[in-house]
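All letters in the sequence shown, in the order written, are residues 748 to 808 by the working numbering.
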Amino acid sequence: MKWDTHTFTLVLLVIVGLWEFARGYNIQRMGKKDSLPAKSYYLTGAGILVVAIYYAVKLWG
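Printed below as a string of structure tokens:
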């Protein structure tokens, strides 16, 4: 895989998506289960990862 702008963008999207998941997980571990910030971080992380998967399929599929 050649490291060009598209590959960098894909890797960045995956990192940011996983980062948002981790933020949601940390909020839940602090005892704030089913809180709106935790749900929004999970939803944002999932959305970013879906965009990353779509981007990868369109680019290399």
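Using N, Cα and C, we set each Cβ at its ideal position, and we do this for glycine too.
- If you draw a 10 Å sphere on the C-beta of Ala785, you find 16 or more other C-beta atoms in it, and that means buried.
- In this chain, the alpha helix (DSSP H) harbouring Gly771 covers 752–776.
- Ranked by Cα distance from Ile762, the options Leu796, Trp807, His753, Met777 are led by Leu796.
- Just measuring C-alpha positions, the residue of Asp751, Leu760, Thr752, Trp750 sitting nearest Tyr801 is Leu760.
- Just so you know, the alpha carbons of Gly794 and Ser787 end up roughly 10 Å apart.
- Take the alpha-carbon of Leu783 and the one of Leu806: they are about 34 Å apart.
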